[in-house]
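> Take a look at this one; I'll ask things after.
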Amino acid sequence: MTTALLGFALASTLLILAPGPDSLLVLRNTMRGGRRAGLITACGTMSGLAVWALAAALGLSALVRVSHIGYDLLRFAGAGYLIWLGMGSLGLLGRKRAGHAAVERPGHAAVERPLPGSPPTRARAYLNGLLSNLFNPKISVFFMAFLPAFIPAGEAAAQFSLVLGLWFIAETGLWLAIVAWLTGIGAGWLRRPAAQRWLGRVTGVVFIGFGIRLATQAR
Numbered sequence: 085m086t087t088a089l090l091g092f093a094l095a096s097t098l099l100i101l102a103p104g105p106d107s108l109l110v111l112r113n114t115m116r117g118g119r120r121a122g123l124i125t126a127c128g129t130m131s132g133l134a135v136w137a138l139a140a141a142l143g144l145s146a147l148v149r150v151s152h153i154g155y156d157l158l159r160f161a162g163a164g165y166l167i168w169l170g171m172g173s174l175g176l177l178g179r180k181r182a183g184h185a186a187v188e189r190p191g192h193a194a195v196e197r198p199l200p201g202s203p204p205t206r207a208r209a210y211l212n213g214l215l216s217n218l219f220n221p222k223i224s225v226f227f228m229a230f231l232p233a234f235i236p237a238g239e240a241a242a243q244f245s246l247v248l249g250l251w252f253i254a255e256t257g258l259w260l261a262i263v264a265w266l267t268g269i270g271a272g273w274l275r276r277p278a279a280q281r282w283l284g285r286v287t288g289v290v291f292i293g294f295g296i297r298l299a300t301q302a303r
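Read left to right, the sequence shown gives residues 85 to 303 (the working numbering).
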């Protein structure tokens, strides 16, 4: 059992450290609303993972894996949600903006230019993390295909699968907390108008890229 857990911990660490929507969401919400918003987003992410981990332990996520319609519905919903997040980061949704940047014009005093995005409320930050996971069928397939490879012979599959799922959630939560903490340290620089606009464009494009990949990628 110990060998299986160590192997799973190593494999999980490599997967969690790979860039993905979860880390990007925590980074974006920390930039906009501070470290607390980032940690709340991480809690939403962990809640979504917990739902899939429980579903995998009960065998329910197998329904998503074998149902083409259910899988595609979740896939397109997740893709649409990521693209929507990307458009929001690019400032393409709505006209209200939270901040303004002073812009110098020749012969004029500094004027205000709106910055894209707005500080997320606690509920919105939590839902960002939760929905990005619940709408991603790849996570259900991950739990169904990845976890069983580390279940030792003779162990109860459902119980051990749940243990591995909880381990993965704990590792994910730790990593996302580190992302929020590190982003919070650099929040002063990241909240400068120029940095906000640059990072907003980058995160927007990446979110849209993740959404397009999810919509077009086969199982």
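We treat Cβ as the ideally placed atom computed from N, Cα and C, and that holds for glycine.
Grab me the residues of ASP106's own chain with a C-beta within less than 6 Å of its C-beta, minus the 5 sequence neighbours each way, in chain order.
THR129
> Between which two residues does the alpha helix (DSSP H) carrying ASN220 extend?
First-last for ASN220: undefined, no H or E at that position.
> Between the alpha carbons of PHE92 and LEU250, how many angstroms are there, rounded?
12 Å
> Given 8 Å as the limit, is there contact between the segment 260 to 268 and the segment 109 to 128, that is, 3 or more CB pairs closer than that?
yes
> For ALA64, which three-state DSSP category applies?
Because residue 64 is not part of the residues shown, which for the chain are 85 to 303, the question remains open.
> In whole angstroms, what is the alpha-carbon distance linking ASN212 and VAL247?
25 Å
> Between the Cα of ALA209 and the Cα atoms of LEU101, ALA126, ARG159 and LYS222, which residue gives the shortest distance?
ALA126
> Just how far apart, CA to CA, sit VAL225 and ARG285?
31 Å
> In this structure, how does DSSP classify ALA186 when only helix, strand and coil are distinguished?
In this prediction, ALA186 has a pLDDT of 42, which is less than 50 and means its spatial position is unreliable; what the coordinates show is noted afterwards. ALA186 falls in the strand class under three-state DSSP.
> Taking the C-alpha atoms as reference points, what is the distance between GLY268 and ARG120?
9 Å
> What would DSSP say about ILE292, mapped onto helix, strand or coil?
helix
> Which residue marks the beginning of the alpha helix (DSSP H) containing PHE244, and which one marks its end?
241 to 269
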